[in-house]
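In this note's numbering, the protein residues as written are 24 to 220.
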C-alpha cells in the first residue's frame, strides 16, 4: 500500500480496512509485514513492461511511501530495503522490499515468518491480480495457510476470488478476521493458537 499505487481503482476505498487489520494485528501481538516495491531508474527489478517508462515508487520519492500502515509515519530506508534487509518499524513489524510481484521471490520473508512462529498469512492490499495473488500462490507453495481479506484488497472479482479459493485460500472479511483475533486473545491462547492468525 504505497502512495503511487493509490491510483489503482479501489485502493483508496480499501485503505481504511487495511489500517483496521494492521491495528488489530498490533493489538494481538501478531507479526505484520508491509511489502513494498521500489523502482530505481534503470534497475532490472523494475517489471519489464514498466522499464524505461516509469517514475512510480522511485526510491526517496513521496510516492514510494506507505499509504496505509503504522500509526505514525514511516520514512522508508531505500538503501536498507534494496539490500534485501527488513526495516523494523515496530514490535514484530517490518517493511520488506520485493523485486517482483510475489513477496517470497528473492526475499527473506519466509524465514522471517518462520522465525516469528507464523503458519498462516492474512493478505490484504493493492491490486489483487498482481501482487496479492502472486504472494498467495507463493505462500501456498511453501505450506503456509492462506487467508484473503476480501474487503481489504482492491481489484477483486468473482473469477479472481474463485481462482484463489481453488488453491485453498480462505476468503473472509476484515470483521471476521478481527473477531477471530479477539476470540483467540480473550481465552489466553496456547502456543498452537497463537500461530493461527
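We put the beta carbon where it would ideally sit given N, CA and C, even for glycine. Bear in mind the structure is a predicted one, so any value in this text is a computation, not a measurement.
Contact belief for residue i with residue j at Cβ below 8 Å, rounded distance in angstroms
i, j, result
"residue 190", "residue 121", "In fact, because the Cβ distance is near 20 Å, the residues do not count as touching under 8 Å."
Nearest-angstrom Cα separation, counted from residue j out to residue i
i, j, result
"residue 32", "residue 175", "13 Å"
"residue 107", "residue 186", "30 Å"
"residue 43", "residue 74", "34 Å"
"residue 71", "residue 128", "16 Å"
"residue 195", "residue 49", "19 Å"
"residue 35", "residue 177", "9 Å"
"residue 77", "residue 69", "9 Å"
"residue 131", "residue 161", "13 Å"
"residue 198", "residue 141", "21 Å"
"residue 146", "residue 40", "12 Å"
"residue 65", "residue 28", "20 Å"
"residue 105", "residue 38", "25 Å"
"residue 55", "residue 171", "15 Å"
8 Å Cβ cutoff met for residue i and residue j
i, j, result
"residue 47", "residue 204", "yes"
"residue 82", "residue 63", "yes"
"residue 179", "residue 151", "yes"
"residue 88", "residue 26", "yes"
"residue 126", "residue 158", "yes"
"residue 103", "residue 80", "no"
Which listed residue (the options) has its alpha carbon closest to that of residue i
i, options, result
"residue 90", "149, 179, 201 and 196", "149"
"residue 135", "34, 24, 37 and 117", "117"
"residue 53", "156, 139 and 192", "139"
"residue 165", "137, 154 and 183", "137"
"residue 123", "169, 112 and 156", "156"
"residue 163", "133, 181 and 182", "133"
"residue 114", "24, 154 and 51", "51"
"residue 169", "98, 193, 183 and 153", "193"
is_contact[residue i, chain D] using C-beta, thresh 8 Å
i, result
"residue 181", "The chain inventory of the structure shown lacks chain D, comprising one protein chain alone."
Restricting to runs no shorter than 4 residues, where is the alpha helix (DSSP H) found entirely within the segment 58-141? 101-105 and 132-138
**Request:** Quick one: which unbroken alpha helix (DSSP H) runs of 4-plus residues sit fully inside the segment 133-185? Chain order, please.
**Result:** 154-164
Original post:
What are the uninterrupted segments assigned as beta strand (DSSP E) that are 3 or more residues long and contained completely in the segment 27-51, given in chain order?
Top reply: none
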